[in-house]
Each structure stands twice: as structure tokens, then as C-alpha cells.
Amino acid sequence: MKKVIEIENLSVFYNEICALENINLTVYEKDFLGIIGPNGGGKSTLLKVIMGLLKPSKGAVKIYGHSIDSLRVPIGYVPQFGSFDREFPISVEDAVLTGCLYGKKLFFPKFLNDDHNTVSTLLKELNIHDLRKRQIGELSGGQLQKVLIARALAAKPKILFLDEPTASVDTSAQGELMELLKELNKKITIVMVSHDIGAISSNVKTIACLNTQLYYHGNPELDNCMVEKLYGCNIDLIAHGVPHRVLGTHKEKSGKEENK
Amino acid sequence: MIASIFKYAFLQNALIACILSSIACGIIGTVIMEKKLVMMSGGIAHASFGGIGLGFLLGVEPIFTALLFSVGTSLSISEINKRSKTNPDLLTGIFWSVGMALGILFISLTPGYPPDMSSYLFGDILTVSRNDLITMIALDIVIIFLIFAGFNMLKAYMFDREFASVLRLPVNFLDYMVYILIALTVVVLIRVAGIILVIALLTAPPATARLFSYNLKNIMLISILTGLVLCLTGLFISYSYNIPSGAVIVLVSGAAYLVSALIKRLINKIRLSSAV
Ligand SMILES: Nc1ncnc2c1ncn2[C@@H]1O[C@H](COP(=O)(O)OP(=O)(O)O)[C@@H](O)[C@H]1O
Ligand SMILES: [Mg+2]
């Protein structure tokens, strides 16, 4: 299988704070990788380094064998907290359309009919078509989240990164989003961060547990020891609601051992 | 006044300067407002005072040395900020005062009588020269071309630089473009409103326009028109009552923003009560 993302001996520091330590991780084509871990575990940081928004303090990241600066394929990104001003004068439609700017030239970039159709289809699929003329600040958290997802998809990405995309959307929308992602996953590689194991476990193909170090990477079958190690004692926090596949029977250690 | 316009070249120049500066202010002011670079722009204006002092000391046209200072300040603030993550507000404060101090130093070193600085500090649109106008026209052409041609990219970049960067849009180029355009605009406007007051011209029109539109392109266009009306009104009052133009234009701008905000509130109230 083709390697899409290769991370070697990666460490990231924010001044003195070590956010990621010696990470080694390879993601293959058409994988659906779920990254879980506690708050401050470095999940967002990992996504940002892979996408080139942050420079590694040590180690290297390659995508399709290239350094991120020489990469020639579109990447989609759904940020956890939009880094933008919600008061910015832009409509939902136009915000999503900015995703279509990938690969266009700086001066007189032309939006094609195709681009407008793509945007319109995405807005319909995500049930926000009737909001398309609204200013971006006039949306609820969940609606805004959907706009960010549509914007990322408008770039027709080969790899899609999502940072806690289900955090503020309601349950039915979460289900729809997962269906959409599964459909997309037939063609593209997806990396999704979540601190909600439930949201991830039943949908992803592989899972990575991150708390500064990479504790586990493999099948989405975790045992309680693993989870306890990752989260400290707060298993309650994770095991809310129905029992998940993630918390498989732990009489015998299931899943692969950590590759530390 | 209308009759005098045909008679006096200086009035014609002032009128043209109004139009040209409104264009620059409307477009670049909107960028400054949306990118939250108001304080930095104020800092650039003040730092360019150092350049004006240097011009007097070396005996060259002060506006040219001011341009060097403003572009230098603007790029330095953005570079230092990128590399060291120092708070841009702090950097602005430092460049702001160091630039002014350098200006005072250079002027005190200039032999002979100290030159009259008031037209640089407070602006005087009635003394705008032919050369000033040519500089303004050149700047306007550059601004209009870059913003018009790059509008969609600029909008995406201004909206969300991080996402634009993931899409591999030329965000670094856009950074430089925006910072340099701000520096150029600020200096060219110094002739009209002066170092101390220039920030009003860059903020009042877009702030007013923002009250009435949620569309970036329209905000720019409304800003240009607002700026033009304010500038012409200011010029008229300044000429009729013989008060320094910079101050009048700024006061008119402040008042206009206040009135617009009140009108906007009134409109909202009427809409609300008619909706019920
Ligand atoms: N901009 C930043 N400056 C300094 N420290 C940061 C910054 N962003 C994150 N950190 C630190 O890095 C660690 C990892 O953060 P993050 O990647 O956001 O975690 P997660 O997304 O898993 O919650 C945390 O300890 C956090 O305090
Ligand atoms: Mg995070």
C-alpha cells in the first residue's frame, strides 16, 4: 500500500513546553485514522505539523514522499477553533468557495461553473444550503462547523484532516457527517482528531493514542489498561454512554501492543 | 468656493488630492480594519517622522525618506513578529516612539533654523503640490490593480490565513503585499492629514461602511465614497473658515461615524418594531 504520511522521530516544542515527543507514524492510502488523547495531548499540534503550519523542532514529516513545501496535491483542513474573525464580512457561500482557490493563480483567479456547482452540492449534502447567503457570524457553532467542513471538501482534497469536527454538532448531524466521511474515505485518506472515543471507534480503520508520545497505533480495539495509561484514571470520562468497541473485553489484552 | 476652484491651482490640487486619497483610504483602510492592523498603521505613520527628519538633515525630499522609514517599520514589525512571536502591539509601540525620537534627533542636528514641521504633523491639503499628486496617482494605480486583480485571494487570506496556507495559497506574498501597501498609503496620506491624524482617515470611512454592509467589496466602495464626502466637506470648511484642513477632516470623520452609528441603531429599532 502507498504511504501517504510518514512521520519520523518528530518532536515539537512550544518554547519550553514539549507538545510532541519522538513520534513515529506512517499513514497509508485510504486509511481512516482516528487520533485520540486527552486535552493538551498534542493532537492539534500533530495535525498542524503534518500540514506545515508548524515547523518540527526535531524530525521530519513527509507527505506522498515530499516535504510539505513541495507538495502538489490539495489538502483539506477542518480546524478545531477557526483561527478567523467571525465578524469578517464574508457569506457562507463565499467562505466555502475559498476552498476552490486551490491551485489557482494569484491574479485574476477565475471561479468556474464547476466550482459553484461543487459548493452548491456540498452545501446541500451538509444541509446548510438555505444558510448560504448568511454572514459567517450569524451561524450557530454546529452550523459554522459544517461550513468549515464544506470549505475543506471544496478543495477536493486527497487527504482530509479534521480536528474535533463533531465537538459542536448535534447527534443526527454527527451521524450524517460520519456517513459522509465513510463515503469520502473510499477515495481519500482521512485523519480525524477527537477526544470522544465513541465518535471514532465505530467508524475509523486505525486509531492512534496520543499523549505527548504516541502510545498506540493500530486497530481500533483498545483495552482498559491502554486507555488508563493514556488518560490517567478518568476512564469514566471516556466510557460514557453505551459500551464501545474500543473498550473491548480486557481479560485478555486485545489489540496490538504499544509501539513505543 | 466653486468659483475659486477654477481660479486657484492649489484648490484644484486639493480637490484632486481628496479624490485620490479617498480611494487609497477606502481600500487600504478596509484591509487595515479587517486585519486588525489599526495600531500598527498608527505606529508606521509616527515612525515615518524619523524619515522626515532624516530628509531635512540630508537635504532630500522628506517624503522619500519617510517612505523608507515606513516600509522599513512595517516589514520589521511583521518579520520580528513572525520569528519571535513577540506581541505586535509591543513592537508597534517601540517602533512608534523610536521613529519619532529619531525624527526629533535628526531635526535638531539639521543646521540652520528648525524647519516648520506642522504640515507634516497635522497635514495641509491646501499645500499639496503637483509632485505630491503624481505620487498619489501612482500609488492609487498600484493599489487598485493589486487589490482588484488579487481580490479573491486577498479575501481568502484576510478571512483565514491559516486555511489559505494549508491550501498553499501565496500567503507570504500577500503578507508582504499588504504590509507594503499600508506603509505606502500611510506616507502618501501624510500630506493630507498629517502623521498624527492620518489614522482617522484610514479608520473612520471603513468603520462607517461596516455599519451598512457585510460584503467586503461593498465595504471598500462605500468607504471610498464616505471618505470622499468627508474629505470634501472638511476641505470646504477648512477653506471657508481658515482652519487647518487635517484637523477639520478628522473632526468631520469622527462626527460622521457617530451619526452613522446612531442612524444604524434607529434603522434597527424601526425594523424590529415593524417586524413585531
Ligand atoms: N500556541 C501555543 N503556545 C504554547 N503552547 C501551546 C500552544 N498550542 C498548544 N500548546 C501546548 O501544547 C500542548 C498540546 O496542545 P494541543 O496540540 O492543542 O493539544 P490537544 O489538541 O490534544 O488538546 C499543550 O500542553 C498546550 O498547552
Ligand atoms: Mg486540540
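Going down the list, the sequences are from chains A and B.
The first sequence begins at 7 in the working numbering and counts up one residue at a time.
The second sequence begins at 761 in the working numbering and counts up one residue at a time.
Beta carbons: idealized from backbone N, C-alpha and C, even for Gly.
1. Rounded to the nearest angstrom, how far is the Cβ of L886 (chain B) from that of G954 (chain B), given a contact under 8 angstroms?
2. Under 6 angstroms, CB to any heavy atom of ligand 4. Which residues pass, going along the chain?
3. Within the present structure, is the beta-carbon of E170 (chain A) separated from the nearest heavy atom of ligand 2 by less than 8 angstroms?
4. What residue from B:L827, B:S998, B:I1030 and B:L817 has the CA that sits closest to L865 (chain B)'s CA?
5. Using a beta-carbon distance cut-off of less than 8 angstroms, what residues from the region 895 to 922 of chain B approach chain A?
6. From the DSSP secondary-structure annotation, give me the bridge partner or partners of C215 (chain A).
7. In the region 38 to 66 of chain A, which residues sit with their C-beta less than 7 angstroms from some C-beta in chain B, listed in chain order?
8. Can you grab the Cα-Cα spacing for the pair P95 (chain A) / I142 (chain A), in whole Å?
9. Report the residue from B:N912, B:A777 and B:A763 whose alpha carbon sits nearest the alpha carbon of S1005 (chain B).
10. Write down the C-beta distance between P163 (chain A) and G40 (chain A) rounded to the nearest angstrom, noting that I regard them as a contact closer than 8 angstroms.
11. In chain order, what residues of the region 778 to 795 of chain B put their CB closer than 8 angstroms to some CB of chain A?
12. Note down the Cα distance separating I241 (chain A) from C215 (chain A), rounded to an integer number of angstroms.
13. Can you check the region 936 to 987 of chain B for any alpha helix (DSSP H) of at least 4 residues that lies completely inside it and give the ranges in chain order?
14. What number of angstroms, rounded off, separates the C-alpha of K767 (chain B) from the C-alpha of N773 (chain B)?
15. Taking the C-alpha atoms as reference points, what is the distance between I788 (chain B) and L797 (chain B)?
16. Could you tell me if V1019 (chain B) is buried or exposed, where buried requires 16 or more neighbouring beta carbons within 10 angstroms of its beta carbon?
17. For A25 (chain A), report the span of its beta strand (DSSP E) as first-last.
18. Over the uninterrupted beta strand (DSSP E) stretch that includes T195 (chain A), give me the two end residues.
19. For Q151 (chain A), return the contacting residues in chain B, with the cut-off set at a CB-CB distance below 8 angstroms.
20. Between S830 (chain B) and the rest of its own chain, which residues show a CB-CB distance below 6 angstroms, the 5 nearest in sequence each way excluded?
21. I'd like to know if the region 921 to 936 of chain B and the region 98 to 116 of chain A are in contact, where contact means that at least 3 CB-CB pairs between them fall below 8 angstroms.
22. Measure the alpha-carbon distance for L827 (chain B) versus C785 (chain B) and round it to whole angstroms.
23. Let me check understanding here. Comparing Cα to Cα, which of B:L835, B:G910 and B:Y936 lies closest to K116 (chain A)?
24. According to DSSP, is D884 (chain B) helix, strand or coil?
25. Please classify Q141 (chain A): does DSSP put it in a helix, a strand, or coil?
26. So is F933 (chain B) in contact with chain A if we call contact Cβ pairs under 9 angstroms?
27. In this structure, how does DSSP classify Y83 (chain A) when only helix, strand and coil are distinguished?
28. Per DSSP, which residues does K64 (chain A) bridge with? Please list them.
29. So, with DSSP's three-state summary, where would you put V902 (chain B)?
30. Note down, in chain order, every chain B residue with its Cβ under 8 angstroms from the Cβ of G88 (chain A).
31. Residues of chain A with a CB under 7 angstroms from the CB of P930 (chain B): which are they?
32. By DSSP, does V926 (chain B) sit in helix, in strand, or in coil?
33. Does the region 46 to 59 of chain A come close enough to the region 9 to 29 of chain A to have 3 or more Cβ pairs within less than 8 angstroms?
34. Is it the case that the region 158 to 175 of chain A contacts the region 121 to 141 of chain A, given that we only count it when at least three CB pairs across the two stretches are under 8 angstroms?
35. Is the separation between the beta-carbon of I783 (chain B) and that of L775 (chain B) shorter than 9 angstroms?
36. I need the boundaries of the beta strand (DSSP E) containing I165 (chain A), first residue and last residue.
Considering the structure as presented:
1. Reading the second sequence from its first residue, position 126 is the one you call residue 886 (chain B). Reading the second sequence from its first residue, position 194 is the one you call residue 954 (chain B). No, L886 (chain B) and G954 (chain B) are not in contact; Cβ-Cβ is about 13 angstroms, not under 8 angstroms.
2. Among the ligands modelled here, namely ligand 1 and ligand 2, ligand 4 does not occur.
3. Here residue 170 (chain A) refers to the residue found at position 164 of the first sequence. Flag set: Cβ of E170 (chain A) near ligand 2.
4. One-based indexing of the second sequence puts residue 865 (chain B) at position 105. Residue B:L817 is the option with its Cα nearest to L865 (chain B).
5. A909, G910, N912, M913, K915, A916, M918, F919, D920, R921 and E922
6. Here residue 215 (chain A) refers to the residue found at position 209 of the first sequence. Looking at the DSSP assignment, C215 (chain A) forms a beta bridge with A:I42 and A:Y222.
7. M57 and L59
8. Here residue 95 (chain A) corresponds to residue number 89 of the first sequence, with the count starting at 1. Here residue 142 (chain A) corresponds to residue number 136 of the first sequence, with the count starting at 1. Roughly 7 angstroms separates the two Cα atoms.
9. Position 245 of the second sequence, counting from 1, holds the residue named residue 1005 (chain B). Ranking the options by Cα distance to S1005 (chain B), first place goes to B:A777.
10. Position 157 of the first sequence, counted from the start, is the residue given in the question as residue 163 (chain A). Position 34 of the first sequence, counted from the start, is the residue given in the question as residue 40 (chain A). About 18 angstroms; that fails the 8 angstroms criterion.
11. E794
12. The residue labelled residue 241 (chain A) in the question sits at position 235 within the first sequence. The residue labelled residue 215 (chain A) in the question sits at position 209 within the first sequence. Unreliable positioning characterises I241 (chain A) in this predicted model, as indicated by a pLDDT of 40, which lies under 50. The coordinate reading is nonetheless provided below. Rounded to whole angstroms, I241 (chain A) to C215 (chain A) spans 14 angstroms at the Cα level.
13. none
14. As a first step, residue 767 (chain B) must be located in the second sequence, where it is residue number 7. As a first step, residue 773 (chain B) must be located in the second sequence, where it is residue number 13. If I take the Cα positions, the gap works out to 12 angstroms.
15. Mapped onto the second sequence, residue 788 (chain B) falls at position 28. Mapped onto the second sequence, residue 797 (chain B) falls at position 37. Near 11 angstroms, if we compare the C-alpha coordinates of L797 (chain B) and I788 (chain B).
16. Counted from its first residue, the second sequence places residue 1019 (chain B) at position 259. That one is exposed.
17. Position 19 of the first sequence, counted from the first residue, corresponds to residue 25 (chain A). A25 (chain A) -> beta strand (DSSP E) spans I23 to Y34.
18. Start at 1 with the first residue of the first sequence, and residue 195 (chain A) comes out as number 189. Taken as a continuous stretch (DSSP letters only), the beta strand (DSSP E) holding T195 (chain A) covers T195 to V199.
19. Against the first sequence, residue 151 (chain A) aligns to sequence position 145. Within chain B, no residue comes near Q151 (chain A); the closest Cβ sits about 14 angstroms away, beyond 8 angstroms.
20. Indexing the second sequence from 1 puts residue 830 (chain B) at position 70. Excluding positions up to five away in sequence, the list reads I804, S808, A943, V946 and V947.
21. yes
22. As a first step, residue 827 (chain B) is located in the second sequence; it is residue number 67 there, counting from the start. As a first step, residue 785 (chain B) is located in the second sequence; it is residue number 25 there, counting from the start. Rounded to whole angstroms, L827 (chain B) to C785 (chain B) spans 17 angstroms at the Cα level.
23. By one-based count along the first sequence, residue 116 (chain A) stands at place 110. Residue B:G910 is the option with its Cα nearest to K116 (chain A).
24. Residue numbering aside, residue 884 (chain B) sits at position 124 when the second sequence is read from its first letter. If DSSP states are grouped into helix, strand and coil, D884 (chain B) belongs with coil.
25. The count along the first sequence starts at 1 and reaches residue 141 (chain A) at position 135. It is a strand residue.
26. To locate residue 933 (chain B), count along the second sequence from 1; it is residue 173. Answer yes: the Cβ-Cβ gap between F933 (chain B) and chain A drops below 9 angstroms somewhere.
27. Taking the first sequence and counting its residues from 1, the one referred to as residue 83 (chain A) is at position 77. DSSP places Y83 (chain A) in strand when its eight states are reduced to three.
28. Position 58 of the first sequence, counting from 1, holds the residue named residue 64 (chain A). In the DSSP output, where bridge partners are listed per residue, K64 (chain A) has A:S17.
29. For the purposes of this step, residue 902 (chain B) is taken as the residue at position 142 of the second sequence. Residue state, collapsed to three classes: helix.
30. Residue mapping note: residue 88 (chain A) aligns to position 82 of the first sequence, counting from 1. Going along chain B in sequence order, the residues near G88 (chain A) (Cβ under 8 angstroms) are D920.
31. Within the second sequence, residue 930 (chain B) is the residue found at index 170, counting from 1. Within 7 angstroms Cβ-Cβ: L112.
32. Indexing the second sequence from 1 puts residue 926 (chain B) at position 166. V926 (chain B): helix per DSSP, three-state reduction.
33. yes
34. yes
35. Your numbering for residue 783 (chain B) matches position 23 in the second sequence. Your numbering for residue 775 (chain B) matches position 15 in the second sequence. Cβ distance not < 9 angstroms, so I783 (chain B) and L775 (chain B) don't count as in contact.
36. The residue you call residue 165 (chain A) lines up with position 159 of the first sequence. Its beta strand (DSSP E) spans residues I165 to D169.
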